[in-house]
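Letter by letter, the sequence shown follows residues 1 to 367 of UniProt numbering. Only one structure is covered here, and it is reproduced in the block below.
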Amino acid sequence: MAHPSASALSFTTPSTPPSTGLTLTKFHLEKSGPGEVQIAFLYAPINPLDLLVVSGKYPVKPLHTVPGTPNPSYVPGYDGVARVVAIGEGISPSAFREGDLVIPAGLGLGTWRSHANVPASSLLNLTSGLSFSDIPSRSNVLAFSILRTVFVTAYLLLEHSRESLKPGDWIILNAATGAIASAVVQLATLRGIHSICVIRDRPDPASNQAAVDELKRYGAHTVLTESELEESAAGLQGKRIVLALDAVFGASAERLAATLASGGTLVNYGTLGGGGPAASMGLTSRVLFWNQITLRAFRGSTYLAQRTEEETRDLVVWLAGLVVQKRLRMPSVQLVGWGDADQDGVRRAEDRAVGHAKLVWEFDWFE
């Protein structure tokens, strides 16, 4: 099946800010070739990782370009969910069928486009791994679009950040209304682990209470603002906090570290506080020497690389099953219609403060 009016957001050279280098391009997509699957994207998030890719600050580069452009025009977007619309020669009907829901098997697929022909090996088929009749519901499909960058990352954070986390343990995390942190809270709750969530200070009390209520619904035990944590860290005494998950860095990370019990671990997995590679944080001698805390950096791709393709697929399908069973809930997101896909849509993501809902491109729904 050929698509004469497919479209993609793409860039030819890295740019800062990322939005300044992106262009929406329409192109003619030929029918899928041998070993290829043609897909139509349904949802694709705008992740901080994607902005790093467009600005040239992430080591894994996009694998696909827009057809027919005079200079290579790279398609960003490393997570999303698509529907199979056509299958090329040489692909077993048991592997893919028209209508199946698929997600990227690895980084670099390029999900910020309406349609694509991609190698079958670059996709994970969710439909073949699940037997639930309500898979095509809008809420499930939207959740599938962030399986890799949100739910898988949250699982790996709990699995690899500290050995032998067990029911009854306490963890603390900042940027707690973010998608990954919200998923961590839910997965921790399923394991009997208590979560203390730190959120940004909001000027509107109603907005602040809404964030608290949402995290409590996810299973959070305690929710504090950054200023409340700074003023009343002593109120956490008696809770032996063994793991702190930091997505902000800087002063926020310092406050998390100060709450850790002796032998605790601070893991950084983001720098939402800004500052880029030059961002810094300070630790007192008491925290580092007397409390003997461990500092670690986390990169999910490193841990995924240690898994076989089958192990990765089993993990993704298991998490998708938890979504369908409503044991995992979709974090709050804000949808942006693909018809509005332009520099402004990405600029909105650049300007998002810590704790704001993730933006997700929304393409055409099932016909």
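Where is the CB? At the ideal position from N, CA and C, for every residue including glycine.
Three-state class that DSSP yields for residue i in the structure shown
{"i": "residue 382", "result": "No information on residue 382 is available, as it lies outside the stretch 1 to 367 that the chain covers here."}
{"i": "tyrosine 43", "result": "strand"}
{"i": "tyrosine 58", "result": "coil"}
{"i": "lysine 166", "result": "coil"}
{"i": "lysine 358", "result": "strand"}
{"i": "valine 37", "result": "strand"}
{"i": "threonine 16", "result": "coil"}
{"i": "glutamine 325", "result": "coil"}
{"i": "phenylalanine 249", "result": "coil"}
{"i": "lysine 239", "result": "coil"}
{"i": "valine 346", "result": "helix"}
{"i": "histidine 64", "result": "coil"}
{"i": "isoleucine 91", "result": "coil"}
Counted within 10 angstroms of its Cβ, other Cβ atoms place residue i as buried (16 or more) or exposed
{"i": "glycine 270", "result": "buried"}
{"i": "arginine 113", "result": "buried"}
{"i": "leucine 190", "result": "exposed"}
{"i": "histidine 194", "result": "buried"}
{"i": "alanine 206", "result": "exposed"}
{"i": "arginine 162", "result": "buried"}
{"i": "glycine 90", "result": "exposed"}
{"i": "proline 104", "result": "buried"}
{"i": "arginine 83", "result": "buried"}
{"i": "glutamate 362", "result": "buried"}
{"i": "glycine 300", "result": "buried"}
{"i": "histidine 28", "result": "exposed"}
{"i": "arginine 307", "result": "exposed"}
{"i": "arginine 148", "result": "buried"}
{"i": "serine 137", "result": "exposed"}
{"i": "serine 32", "result": "buried"}
Residue i versus residue j - alpha carbon distance
{"i": "alanine 95", "j": "aspartate 169", "result": "41 Å"}
{"i": "glycine 321", "j": "alanine 279", "result": "38 Å"}
{"i": "valine 360", "j": "leucine 283", "result": "36 Å"}
{"i": "valine 81", "j": "leucine 130", "result": "15 Å"}
{"i": "valine 118", "j": "asparagine 125", "result": "13 Å"}
{"i": "valine 316", "j": "glutamate 98", "result": "21 Å"}
{"i": "leucine 215", "j": "isoleucine 172", "result": "13 Å"}
{"i": "asparagine 208", "j": "threonine 225", "result": "9 Å"}
{"i": "arginine 296", "j": "lysine 358", "result": "25 Å"}
{"i": "valine 37", "j": "valine 85", "result": "8 Å"}
{"i": "proline 167", "j": "glycine 192", "result": "4 Å"}
{"i": "lysine 61", "j": "serine 285", "result": "40 Å"}
{"i": "tyrosine 43", "j": "phenylalanine 289", "result": "47 Å"}
{"i": "methionine 330", "j": "leucine 142", "result": "8 Å"}
{"i": "aspartate 340", "j": "leucine 236", "result": "46 Å"}
{"i": "glutamate 309", "j": "serine 121", "result": "10 Å"}
{"i": "aspartate 364", "j": "leucine 158", "result": "35 Å"}
{"i": "valine 336", "j": "threonine 111", "result": "14 Å"}
{"i": "proline 67", "j": "leucine 9", "result": "12 Å"}
{"i": "proline 34", "j": "isoleucine 87", "result": "8 Å"}
{"i": "phenylalanine 366", "j": "tyrosine 218", "result": "Because phenylalanine 366 carries a pLDDT of 49, less than 50, the predicted location of this residue cannot be relied on, and the following value inherits that uncertainty. Each residue's alpha carbon lies about 29 Å from the other."}
{"i": "threonine 312", "j": "valine 267", "result": "23 Å"}
{"i": "glutamine 325", "j": "leucine 187", "result": "14 Å"}
{"i": "glutamate 30", "j": "phenylalanine 41", "result": "16 Å"}
{"i": "proline 17", "j": "threonine 23", "result": "14 Å"}
{"i": "aspartate 204", "j": "alanine 181", "result": "22 Å"}
{"i": "arginine 348", "j": "tryptophan 338", "result": "14 Å"}
{"i": "arginine 327", "j": "threonine 69", "result": "45 Å"}
{"i": "threonine 302", "j": "histidine 115", "result": "29 Å"}
{"i": "arginine 202", "j": "serine 232", "result": "18 Å"}
{"i": "leucine 63", "j": "leucine 123", "result": "13 Å"}
Whether residue i touches residue j by CB criterion (8 Å)
{"i": "isoleucine 146", "j": "threonine 177", "result": "no"}
{"i": "methionine 281", "j": "alanine 253", "result": "yes"}
{"i": "isoleucine 39", "j": "valine 102", "result": "yes"}
{"i": "residue 377", "j": "glycine 264", "result": "Since the first and last residues shown for the chain are 1 and 367, residue 377 lies out of range."}
{"i": "tyrosine 78", "j": "leucine 49", "result": "yes"}
{"i": "aspartate 100", "j": "serine 128", "result": "yes"}
{"i": "glycine 106", "j": "valine 54", "result": "no"}
{"i": "leucine 319", "j": "phenylalanine 151", "result": "yes"}
{"i": "valine 287", "j": "alanine 257", "result": "yes"}
{"i": "cysteine 197", "j": "alanine 220", "result": "yes"}
{"i": "valine 346", "j": "serine 19", "result": "yes"}
{"i": "leucine 52", "j": "glutamate 350", "result": "no"}
Closer than 7 Å: residue i CB and nearest the ligand PLP heavy atom
{"i": "valine 198", "result": "With respect to small molecules bound, the structure shown includes none, and the ligand PLP cannot be examined in it."}
Cβ separation of residue i and residue j, assumed to be a contact under 8 Å, to the nearest whole Å
{"i": "threonine 25", "j": "serine 7", "result": "7 Å"}
{"i": "threonine 222", "j": "isoleucine 241", "result": "That pair is no contact at about 11 Å."}
{"i": "glutamate 230", "j": "arginine 255", "result": "6 Å"}
{"i": "leucine 245", "j": "valine 184", "result": "6 Å"}
{"i": "leucine 243", "j": "leucine 165", "result": "7 Å"}
{"i": "alanine 175", "j": "leucine 272", "result": "6 Å"}
{"i": "residue 375", "j": "proline 76", "result": "What the structure shows of the chain is the stretch from 1 to 367, and residue 375 is not part of that stretch, so it cannot be assessed."}
{"i": "threonine 65", "j": "proline 72", "result": "5 Å"}
{"i": "proline 14", "j": "glycine 56", "result": "3 Å"}
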